[in-house]
Amino acid sequence: MLVFGTWCGALADRHNRRRIAIITQSALAGQAFLLGVLDLTGFINVPIVYTLSLLLGIIGAFDNPARRGLVTELVPPVDLPNAMSLNTAVMTGSRIFGAAIATLLVGPLGTGWLFILNGFSYAAMIYGITGLRKSEMYPAMQRPAGGSPVRDVFRYVAGNRRLLTMFSVYLMVSTFAFNYGVALPKLADVRWGDARAFGWIMATTGIGNLAGALLTARLKIVSMRWFVGNIALLGMSAIGLAFAPNLLVAFLLSVPLGLGGAAMIASGNAISQQESPPDMRGRLLALTAVAFLGSTPIGGPITGLIADNLSVEWSLAYGGVIAIICAVVTSVAWR
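Under the numbering used here, think of the first position of the sequence shown as 82, with each following residue one higher.
Have a look at this one:
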């Protein structure tokens, strides 16, 4: 995603997103089937897992801007913020229910059959994409061939104060404040004495995720104030959760943590589309994905180092401090 993301966004702006999405979803299904078969037959090993994970990332880099860009063709431009936020709600909701279903089935079925079932699940997505009626869609303006599509999107962001601010803050917060998947397992084990609590905290965080995305979907226009306010909520919740004295308090604080995080993601996507020219939507969506997903390999190791060398609590809290600083600086700059 970090290497190919923006280039794949340019591809989505130039070619038929529906066709790209069908190809990538089929490839993702094939990858899941292959992983499942290798697991069931006992041929799975660490190098194969790394190779298939790399393949998953490459396919995802092509799939992300095409699939999410396709959402922008389903509604009129005035409803784009709502559509992008609802898309975030669907993604966060599926993470909650998908993880819960996998937890229930992994015992009786095993991981191999779960990957096989995952492969079959892509049939619903492919069926939905092929069933879209072109006459009821709002086709995107395709960018002309040639030129410097990646350089153009960076130049456009640099010249748009709203987008430049949003992407700068989005990158900082995504890098340092969204690594609670790294910090929370250790925190649950060391501070609350129960490693199993991590799963429950992630579930309550997921409930907050869903609420944050749905609240953002209610907005016709997503403002910078809403974007920044949710970053502040994310930061304060992360600090509180890091030093939560018991599991009950941790559960209560994980809900606003998820709400602020999902609302920030949905807001960033919505703002990028509000400010986007019709022929640049795929590239801007790809840029938000690069900022969010591509920053994880940078922030994750830093979080791990802080947990090992400073304290487990500060491995989560430091990201909250950075998020609050970003929120304060942005609020002052936008007065």
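Cβ coordinates follow ideal geometry from the N, Cα and C atoms, glycine included.
query = When the Cβ atoms of the region 282-289 are set against those of the region 358-372, are three or more pairs found closer than 8 Å?
reply = At 8 Å Cβ cutoff, the stretches do not touch.
message = I'd like to check one pair, Val263 with Tyr219: are the Cβ atoms closer than 9 Å?
response = As a first step, residue 219 must be located in the sequence shown, where it is residue number 138. As a first step, residue 263 must be located in the sequence shown, where it is residue number 182. Against a cut-off of 9 Å, the Cβ pair of Val263 and Tyr219 comes out as no contact.
query = Out of curiosity, what's the CA-to-CA distance linking Tyr251 and Ser229?
reply = Mapped onto the sequence shown, residue 251 falls at position 170. Mapped onto the sequence shown, residue 229 falls at position 148. The alpha-carbon atoms of Tyr251 and Ser229 are separated by roughly 24 Å.
ask   = Ends of the alpha helix (DSSP H) at Asn290?
value = Position 209 of the sequence shown holds residue 290. Segment Ala278 to Ala298, the alpha helix (DSSP H) holding Asn290.
task = Pull up the distance between the alpha-carbon of Gly349 and that of Asn97, whole angstroms please.
result = Indexing the sequence shown from 1 puts residue 349 at position 268. Indexing the sequence shown from 1 puts residue 97 at position 16. The alpha-carbon atoms of Gly349 and Asn97 are separated by roughly 24 Å.
ask   = Taking Cβ to Cβ, would you say Ala108 is nearer than 9 Å to Pro146?
value = Residue mapping note: residue 108 aligns to position 27 of the sequence shown, counting from 1. Residue mapping note: residue 146 aligns to position 65 of the sequence shown, counting from 1. Against a cut-off of 9 Å, the Cβ pair of Pro146 and Ala108 comes out as no contact.
message = I'd like to know if Leu295 contacts chain C, where contact means its C-beta is closer than 9 Å to some C-beta of that chain.
response = This model lacks chain C altogether; it includes just one protein chain.
query = In chain order, what residues of the same chain have a beta carbon less than 6 Å from the beta carbon of Leu340, not counting five sequence neighbours either side?
reply = To locate residue 340, count along the sequence shown from 1; it is residue 259. Gly289, Ala292 and Gly293, listed in sequence order.
Boundaries (first-last residue) of the alpha helix (DSSP H) holding Ala414 = Taking the sequence shown and counting its residues from 1, one reaches residue 414 at position 333. Its alpha helix (DSSP H) spans residues Val393 to Ala414.
Uninterrupted alpha helix (DSSP H) stretches inside the region 304-356 (no shorter than 4 residues) = As far as the region 304-356 is concerned, its whole alpha helix (DSSP H) runs of at least 4 residues are 305-323 and 328-355.
message = Going by beta-carbon coordinates alone, are Ile405 and Gly321 separated by less than 9 Å?
response = To locate residue 405, count along the sequence shown from 1; it is residue 324. To locate residue 321, count along the sequence shown from 1; it is residue 240. Between Ile405 and Gly321, the CB-CB gap reaches or exceeds 9 Å.
message = For Ile387, report the span of its alpha helix (DSSP H) as first-last.
response = Along the sequence shown, one-based indexing puts residue 387 at 306. Segment Thr377 to Asn390, the alpha helix (DSSP H) holding Ile387.
Which listed residue (Phe143, Ile282, Val254 and Gly179) has its alpha carbon closest to that of Pro337 = The residue given as residue 337 occupies position 256 in the sequence shown. The shortest C-alpha separation from Pro337 is found at Ile282.
key: Chain-order list of residues whose beta-carbon lies under 7 Å from that of Thr173 (same chain, five-residue window excluded)   = Position 92 of the sequence shown, counted from the first residue, corresponds to residue 173. The residues are Gly287, Asn290, Leu291, Ala294 and Ala343.
task = Express the C-alpha separation of Val410 and Val330 in angstroms, rounding to a whole number.
result = As a position in the sequence shown, residue 330 is number 249, starting the count at 1. As a position in the sequence shown, residue 410 is number 329, starting the count at 1. Each residue's Cα considered, the two are about 29 Å apart.
message = Give me, in chain order, the residues of the same chain whose beta-carbon lies closer than 6 Å to that of Met305; leave out the 5 immediate sequence neighbours on both sides.
response = Stepping through the sequence shown from its first residue, residue 305 is reached at position 224. So the qualifying residues of the chain are Trp415.
ask   = By how many angstroms is the C-alpha of Arg272 removed from the C-alpha of Ala367?
value = In the sequence shown, the residue the question calls residue 367 occupies position 286. In the sequence shown, the residue the question calls residue 272 occupies position 191. Using only the alpha carbons, I get a separation of about 38 Å.
ask   = The alpha helix (DSSP H) spanning Val263 covers which residue range?
value = To locate residue 263, count along the sequence shown from 1; it is residue 182. Here the alpha helix (DSSP H) through Val263 covers Tyr261 to Val271.
message = With H, G and I counted as helix, E and B as strand and the rest as coil, what does DSSP make of Ala258?
response = In the sequence shown, counting from the first residue as 1, residue 258 sits at position 177. Here Ala258 sits in coil by DSSP.
ask   = To the nearest angstrom, how far is it from the Cα of Val393 to the Cα of Lys267?
value = Here residue 393 refers to the residue found at position 312 of the sequence shown. Here residue 267 refers to the residue found at position 186 of the sequence shown. In a straight line, the C-alpha of Val393 is about 7 Å away from that of Lys267.
request  = Spell out a yes or no on whether the region 255-262 and the region 376-386 are touching, meaning 3 or more CB-CB pairs, one atom from each, closer than 8 Å.
outcome  = The region 376-386 and the region 255-262 touch, with three or more beta-carbon pairs separated by less than 8 Å.
Residue from Ile210, Phe308 and Met165 whose Cα sits closest to the Cα of Thr246 = Taking the sequence shown and counting its residues from 1, one reaches residue 246 at position 165. Closest option to Thr246, Cα to Cα, is Phe308.
message = For Pro326, tell me which candidate among Ala269, Leu374, Gln355 and Thr297 has the shortest Cα-Cα distance.
response = The count along the sequence shown starts at 1 and reaches residue 326 at position 245. Of the listed residues, the one whose Cα sits closest to Pro326 is Ala269.
ask   = Where does the unbroken alpha helix (DSSP H) through Ile103 begin, and where does it stop?
value = Your numbering for residue 103 matches position 22 in the sequence shown. Unbroken alpha helix (DSSP H) run through Ile103: Arg98 to Thr122.
query = Going by Cα to Cα distance, which pick from Ile210, Asn260, Pro358 and Val127 is closest to Ile103?
reply = In the sequence shown, residue 103 corresponds to position 22, counting from 1. The shortest Cα separation from Ile103 among Ile210, Asn260, Pro358 and Val127 belongs to Ile210.
message = Quick check on Lys215: does DSSP put it in helix, strand or coil?
response = Taking the sequence shown and counting its residues from 1, one reaches residue 215 at position 134. The answer is helix: DSSP assigns Lys215 an H, G or I state.
query = Measuring CA to CA, which of Leu116, Ala388 and Ala113 is closest to Asn260?
reply = On the sequence shown, residue 260 is found 179 positions in, with the first residue counted as 1. Out of Leu116, Ala388 and Ala113, Ala388 has the C-alpha closest to the C-alpha of Asn260.
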